[in-house]
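Chemist:
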Amino acid sequence: MKNQTLFLFLFFIVTGIHSQSTDKFRMETSVATLVLNDKDKILITSKEENGAKIGLRVNELWGITLVNKHNLRQERTLDEISAFRTETSPKKLRFYAKDLYLDDISTTVNAEFTIEAKNDAFLFSGNMSFSAGEWIIKSLDYPRLSKMEVGKENTKIYWPDGLGRLFNGPSEFGSKRSLNTPSHWGTMPWFSLNAEDYGVYIGVHDTLQHTTNITMTQIDGTNDYISSINTNIYDAAYTTPEFVVKPYKGTWHQAAKYYRSWYDENFKIASSPDWVINDTGWLLAILKQQNGNVMWPYRDIDKLCDIAEKFNLTTIGLFGWAIGGHDYLYPNYLPDPLMGGEKELKDAIKRAQDRGIKIILYANGKLIDTSTDYYRYRGMETMMFGNDKKPRMDFYVKHNNKSPVIFCWACTGSEYWRTTMHDLALQANSLGADGILYDQLGILPPELCFSPNHDHNPGHGDSKYRLQMIKEIRKDLKTRNSSFIIMTEGSNTSVLQEIDYTHGIGAGYAPELNGFPDLYRYTFPEYITTQRNPNPMLTKTDANFALLYGLKHEVETRYTADVKYLVNGKTPDADSYWDVNSPPDINKMKSLTMEESAKYMHSLINFENKHGNFLKRGKFISDEGITIIGKDVIARGFTNGDEMGVVVWNKNETQNRSYEISTTGYKYVSSHEPSESIVNNNLKLKPNSVRLIVFKKK
Ligand SMILES: [Zn+2]
Numbered sequence: 007m008k009n010q011t012l013f014l015f016l017f018f019i020v021t022g023i024h025s026q027s028t029d030k031f032r033m034e035t036s037v038a039t040l041v042l043n044d045k046d047k048i049l050i051t052s053k054e055e056n057g058a059k060i061g062l063r064v065n066e067l068w069g070i071t072l073v074n075k076h077n078l079r080q081e082r083t084l085d086e087i088s089a090f091r092t093e094t095s096p097k098k099l100r101f102y103a104k105d106l107y108l109d110d111i112s113t114t115v116n117a118e119f120t121i122e123a124k125n126d127a128f129l130f131s132g133n134m135s136f137s138a139g140e141w142i143i144k145s146l147d148y149p150r151l152s153k154m155e156v157g158k159e160n161t162k163i164y165w166p167d168g169l170g171r172l173f174n175g176p177s178e179f180g181s182k183r184s185l186n187t188p189s190h191w192g193t194m195p196w197f198s199l200n201a202e203d204y205g206v207y208i209g210v211h212d213t214l215q216h217t218t219n220i221t222m223t224q225i226d227g228t229n230d231y232i233s234s235i236n237t238n239i240y241d242a243a244y245t246t247p248e249f250v251v252k253p254y255k256g257t258w259h260q261a262a263k264y265y266r267s268w269y270d271e272n273f274k275i276a277s278s279p280d281w282v283i284n285d286t287g288w289l290l291a292i293l294k295q296q297n298g299n300v301m302w303p304y305r306d307i308d309k310l311c312d313i314a315e316k317f318n319l320t321t322i323g324l325f326g327w328a329i330g331g332h333d334y335l336y337p338n339y340l341p342d343p344l345m346g347g348e349k350e351l352k353d354a355i356k357r358a359q360d361r362g363i364k365i366i367l368y369a370n371g372k373l374i375d376t377s378t379d380y381y382r383y384r385g386m387e388t389m390m391f392g393n394d395k396k397p398r399m400d401f402y403v404k405h406n407n408k409s410p411v412i413f414c415w416a417c418t419g420s421e422y423w424r425t426t427m428h429d430l431a432l433q434a435n436s437l438g439a440d441g442i443l444y445d446q447l448g449i450l451p452p453e454l455c456f457s458p459n460h461d462h463n464p465g466h467g468d469s470k471y472r473l474q475m476i477k478e479i480r481k482d483l484k485t486r487n488s489s490f491i492i493m494t495e496g497s498n499t500s501v502l503q504e505i506d507y508t509h510g511i512g513a514g515y516a517p518e519l520n521g522f523p524d525l526y527r528y529t530f531p532e533y534i535t536t537q538r539n540p541n542p543m544l545t546k547t548d549a550n551f552a553l554l555y556g557l558k559h560e561v562e563t564r565y566t567a568d569v570k571y572l573v574n575g576k577t578p579d580a581d582s583y584w585d586v587n588s589p590p591d592i593n594k595m596k597s598l599t600m601e602e603s604a605k606y607m608h609s610l611i612n613f614e615n616k617h618g619n620f621l622k623r624g625k626f627i628s629d630e631g632i633t634i635i636g637k638d639v640i641a642r643g644f645t646n647g648d649e650m651g652v653v654v655w656n657k658n659e660t661q662n663r664s665y666e667i668s669t670t671g672y673k674y675v676s677s678h679e680p681s682e683s684i685v686n687n688n689l690k691l692k693p694n695s696v697r698l699i700v701f702k703k704k
């Protein structure tokens, strides 16, 4: 839409202290200075030479989009608002307008934006309101950072997509990326640029954890970026959270610590039962597929236990365990007579637990199958509507020879939906399960819902109610069974408060280019998650990767060919998965036998159990204070009391590797490998193998 130019009844005035010849205003943090000059440009610069430079322009600092609440397709974007008054005080810069009349819209605007130096950072905040009328604020772009110069072509960009991504400069970052928080693609509402020994942290400190979109765009042909924060509002008045720009000295760990310290002032991360902390990982088993194919009737849960034990896994997640199978007939999760009925399911769960294996039951926290009576008779109360007043639809096409199931999205802003989900947890508990997984609550961004039937206003996201729902269910279930857990797939800083155990998904949960699991794991070392491995076995590489970052292991059985592989040892070929849309990685399955994979996992998990003080109950510290020199080797640390365990992994798959390791403030104690109890630290590391080196504080 073309931007509107505003006709304003205000004049531009500047007051305050004129500190320098051309500077109208100046304020400082310990490492940076912010200056407003007489050309209405704001410049944030590091005090050190050749440090960071961030430019902002007063007339581009914000953009407000209005929408007609009776016709959501009618919008006006207010850009380049140059008629604000500017006011300065020693620690605050303020831009404000009162009773601003807009030329063709029947409303007036009051708005104020401030920048201040606080908590050793520059905080951008503001508030705005519109007089009664048919126009409301749709969204706000603020602040807009017109130019960020932080280092050169090798500047590292720490980006919280999944567990994290790390990009070396613009060539890896690409032209533009967005963090849609809170979601699996925007797990934390901040990112950092880091060059040599300094960096810049950009974050949203929102105690309401409202949905926010942080965008960074490369300026063509340069190493510099534009960044802006977009917030959906759909209201006549709005007070912004604090948007933070913080130049800092040191490594990315400083940025992570800064966010965590703000987080701890406002939220508390869930504390999980001991059995989750000590769990070795899970076998994810789809019992019945979307097309009705039953692979594991309830009595065969015994066989799943055999397989879990073979791989040394102590939990089984039952997916597709109800009448519809996987991704069909949701939210009807009745035990299936075809698979053996309720009693056989309960008995099988009990037998698994008698063997020391925990059982989790699947439910989807968002999907309603439109072919169900639930959709027909409870849909209007529960489903999410778009701004076109139509249901939000979704598809999960599992097989290429079956018509796709048509889902709509439920909204957790619906009390009836929250009750439906709560009832499923009560059912899981009555079936004897150790927990329930609500799929998608940790993944999907809180889409705006325009239903007039929910607890939120039309146009608001459901993130608040997702958390409320999980919180209510978790609290109730823990009073009934203190070791019962709530799981979801994917994580973010909102659901993190009430989820005991996460099923990993996306960036950083498996080895991949630009994957950087350290970002989320270092910020939240208490976070407990599985790796993601959609294969009915684990390669040594994937297993070692999980150990290095303190992730629980995973093996998945989803299709008939997976069952044949696990039960009969039949290696699949290209035709084995001809009718499914997301098969496992056949090359991985051919790279070693199932027996070899199981044997390796067995010994690796025994090693993790033996050194659980570090690898399960220690605090993940990434590489902070650890220096390793050597080709193909990588090291990550876990502290516990005055000890530190450092895992070294030789990623080379065919050759031995040597390395030199040093730590800050610790002395060497001993070295250990899965195959032998104690080893000489000077020995080369065998191909694709791990070693744990124990240090003690000096
Ligand atoms: Zn809703």
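So the sequence shown is numbered by the working numbering: it starts at 7 and just counts up by one. We put the beta carbon where it would ideally sit given N, CA and C, even for glycine.
Tell me which residues share the same chain as Lys-356 and place their Cβ nearer than 8 Å to its Cβ, disregarding the 5 neighbours each side in the sequence.
Modeler: So the qualifying residues of the chain are Gly-438.
Chemist: Indicate, with yes or no, if ligand 1 has a heavy atom lying under 6 Å from the CB of Ser-683.
Modeler: No, the beta carbon of Ser-683 sits no closer than 6 Å to any heavy atom of ligand 1.
Chemist: Helix, strand or coil for Arg-382? Go by DSSP, reduced to three states.
Modeler: In the structure shown, Arg-382 sits in a helix (DSSP, three-state: H, G or I).
Chemist: From the DSSP output, in three-state form, read off Glu-478 for me.
Modeler: Three-state DSSP puts Glu-478 in a helix.
Chemist: Under the rule that 16 or more other beta-carbon atoms within 10 Å means buried, what is Phe-13, buried or exposed?
Modeler: Residue confidence is low: Phe-13 scores 31 on pLDDT, short of 50, so the model does not pin down where it sits. No coordinate-derived value is stated.
Chemist: So, at 7 Å on beta carbons, what are the nonlocal neighbours of Tyr-334 in its own chain, with the 5 sequence-adjacent residues on each side left out?
Modeler: Excluding positions up to five away in sequence, the list reads Gln-296, Asp-375, Val-411.
Chemist: Can you give me the C-alpha to C-alpha distance between Asp-312 and Gly-618, rounded to a whole angstrom?
Modeler: If you take the alpha carbons of Asp-312 and Gly-618, they lie about 24 Å apart.
Chemist: Does DSSP put Tyr-665 in a helix, in a strand, or in coil?
Modeler: Three-state result, Tyr-665: coil.
Chemist: Tell me whether the beta-carbon of Pro-166 lies closer than 7 Å to the beta-carbon of Leu-502.
Modeler: Against a cut-off of 7 Å, the Cβ pair of Leu-502 and Pro-166 comes out as no contact.
Chemist: Taking the continuous alpha helix (DSSP H) assigned at Tyr-555, which residues delimit it?
Modeler: First-last of the alpha helix (DSSP H) with Tyr-555: 546 to 555.
Chemist: Whole angstroms is fine: what's the gap from Arg-266's alpha carbon to Asp-126's?
Modeler: Distance between the alpha carbons of Arg-266 and Asp-126: 15 Å.
Chemist: What do you reckon, is the C-beta of Ser-457 under 6 Å from a heavy atom of ligand 1?
Modeler: Yes; taking the cut-off as 6 Å, the Cβ of Ser-457 has a heavy atom of ligand 1 nearer than that.
Chemist: Along the alpha helix (DSSP H) that carries Ile-534, what are the first and last residues, could you check?
Modeler: Note, Ile-534: premise wrong, no alpha helix (DSSP H); not H, not E.
Chemist: Look at the alpha carbon of Thr-21 and the alpha carbon of Met-493, and state the distance between them as a whole number of angstroms.
Modeler: Here Thr-21 scores only 33 on pLDDT, less than 50, and its place in the model should not be relied on; the value that follows carries that caveat. So the alpha carbons of these two residues sit roughly 55 Å apart.
Chemist: With 16 as the cutoff for other CB atoms within 10 Å, does Val-696 come out buried or exposed?
Modeler: Looking at its Cβ environment, which holds 16 or more other Cβ atoms inside 10 Å, Val-696 is buried.
Chemist: Go ahead and pull the three-state DSSP assignment for Val-282.
Modeler: If DSSP states are grouped into helix, strand and coil, Val-282 belongs with the helices.
Chemist: Around the C-beta of Phe-413, are 16 or more other C-beta atoms found within 10 angstroms, so that it is buried, or is it exposed?
Modeler: Buried, by the Cβ-count rule.
Chemist: Answer with yes or no whether the minimum CB distance from Asp-568 to chain D is below 7 Å.
Modeler: No chain D is present in this structure, which holds just one protein chain.
Chemist: With which residues is Ser-706 paired in a DSSP beta bridge?
Modeler: Not covered by the structure: residue 706. The range shown for the chain is 7 to 704.
Chemist: Which residue from Phe-620, Lys-637, Glu-602, Asp-461 puts its Cα closest to that of Leu-698?
Modeler: Comparing Cα-Cα distances from Leu-698 to each of Phe-620, Lys-637, Glu-602, Asp-461, the minimum goes to Phe-620.
Chemist: Taking the beta carbon of Val-675 as the centre, do at least 16 other beta carbons fall within 10 Å, making it buried, or is it exposed?
Modeler: It counts as exposed.
Chemist: Should Lys-252 be labelled buried (16 or more other beta-carbon atoms within 10 Å of its own) or exposed?
Modeler: Classification of Lys-252: buried, given that the 10 Å Cβ count is 16 or more.
Chemist: Spatial neighbours of Asn-229 within its chain, please: CB distance less than 8 Å, with the 5 preceding and 5 following residues excluded, ordered by chain position.
Modeler: Glu-155, Gly-157, Lys-158, Glu-159, Thr-161, Gly-175, Pro-176.
Chemist: Ligand 1 and Cys-414: does any heavy atom of the ligand fall closer than 6 Å to the residue's C-beta?
Modeler: Answer for Cys-414: no, Cβ out of range of ligand 1.
Chemist: Please report the straight-line C-alpha distance between Val-561 and Thr-388, rounded to a whole angstrom.
Modeler: Roughly 34 Å separates the two Cα atoms.
Chemist: Could you give the residue range of the alpha helix (DSSP H) that holds Met-427?
Modeler: Met-427 -> alpha helix (DSSP H) spans 421 to 436.
Chemist: Return the bridge partner residues of Lys-182 from the DSSP annotation.
Modeler: Per DSSP, Thr-223.
Chemist: Can you give the Cα-Cα distance for Glu-248 and Trp-196, rounded to whole angstroms?
Modeler: Approximately 12 Å between the Cα atoms of the pair.
Chemist: Hey, how far is the Cα of Pro-693 from the Cα of Val-652?
Modeler: Computed Cα separation, rounded: 18 Å.
Chemist: Bridge partners for Tyr-730 per DSSP, in chain order?
Modeler: As shown, the chain starts at 7 and ends at 704. That puts residue 730 outside it, with no answer to give.
Chemist: Classify Ile-307: buried if its beta carbon has 16 or more other beta carbons within 10 angstroms, exposed otherwise.
Modeler: Buried.
Chemist: Within 6 Å: the Cβ of Cys-705 and any heavy atom of ligand 1?
Modeler: Since the first residue shown for the chain is 7 and the last is 704, residue 705 is missing from the structure and cannot be characterised.
Chemist: Expressed to the nearest angstrom, what Euclidean distance is found between the alpha-carbon atoms of Lys-364 and Asn-318?
Modeler: Roughly 13 Å between the two C-alpha positions.
Chemist: Please name the residue, chosen from His-559, Glu-66, Thr-245, Gly-419, that lies closest to Thr-321 on a Cα-to-Cα basis.
Modeler: Among His-559, Glu-66, Thr-245, Gly-419, the Cα nearest to that of Thr-321 belongs to His-559.
Chemist: Pick out the complete beta strand (DSSP E) segments inside the stretch 79 to 155, 3 residues or longer, and give them in chain order.
Modeler: The stretch 79 to 155 contains these whole beta strand (DSSP E) runs: 91 to 95, 98 to 107, 114 to 124, 127 to 136, 141 to 155.
Chemist: Hey, quick one: how far does the alpha helix (DSSP H) through Leu-610 stretch, first residue to last?
Modeler: Taken as a continuous stretch (DSSP letters only), the alpha helix (DSSP H) holding Leu-610 covers 600 to 616.
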